Amino acid sequence: MEIKEKLIIEGRTNWKKRFYVKFEFNKNSIKILRKILNDWGSEALIDNVGQKIGKDSWIPIFDAKPEADIIIGHDSIHMIVFAKPNNKKINIILDKYCDWTQIKYKKGFGPTP
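Residue numbering for the sequence shown follows the working numbering, starting at 34 and increasing by one per position.
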């Protein structure tokens, strides 16, 4: 099943026992984030009270394994996952719902054709 709308990963940093992913924020980001967390097994963003999730929000994910923190900023979504970077479950979910951004080089810099 091909997902039409995807989050754009701007960067990823791996540590020994956790990793960090930075996503680009756009108008569909919260909707896609809900799908990611649903597949993850979390009920953190299930809209049962009509609460609006927007910018400048911190969402702790503690009801699913592995645990994570999600911070929604003005132009980015930051996610810190408390699991080893080679966690298969999370990497499969991220591959399903996310694409990597294309690197933007300054004029005169970048790979040679």
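Where is the CB? At the ideal position from N, CA and C, for every residue including glycine.
For clarity, every value in this text was computed on a predicted model and none was experimentally measured.
Euclidean distance between Cα positions of Ile94 and Arg67: Translated into the one-based positions of the sequence shown, residue 94 becomes position 61. Translated into the one-based positions of the sequence shown, residue 67 becomes position 34. Near 12 Å, if we compare the C-alpha coordinates of Arg67 and Ile94.
Through-space distance from Trp48 to Lys98, alpha-carbon basis: Taking the first residue of the sequence shown as position 1, residue 98 is located at position 65. Taking the first residue of the sequence shown as position 1, residue 48 is located at position 15. Taking the straight line from one Cα to the other gives about 18 Å.
Ser109 versus Asn59, Glu38, Lys39, Arg51, residue with shortest Cα-Cα distance: Position 76 of the sequence shown, counted from the start, is the residue given in the question as residue 109. Comparing Cα-Cα distances from Ser109 to each of Asn59, Glu38, Lys39, Arg51, the minimum goes to Asn59.
Nearest-angstrom Cα separation, counted from Ile125 out to Val54: As a position in the sequence shown, residue 54 is number 21, starting the count at 1. As a position in the sequence shown, residue 125 is number 92, starting the count at 1. Their backbone Cα atoms lie some 14 Å apart in a straight line.
Burial state of Trp91 (16 or more Cβ within 10 Å): As a working note, residue 91 is residue 58 in the sequence shown. Label assigned to Trp91: exposed.
Opposing strand residues paired with His111 [DSSP bridges]: The sequence position of residue 111 within the sequence shown is 78, counting from 1. Bridge partners of His111 according to DSSP: Lys55, Ile104.
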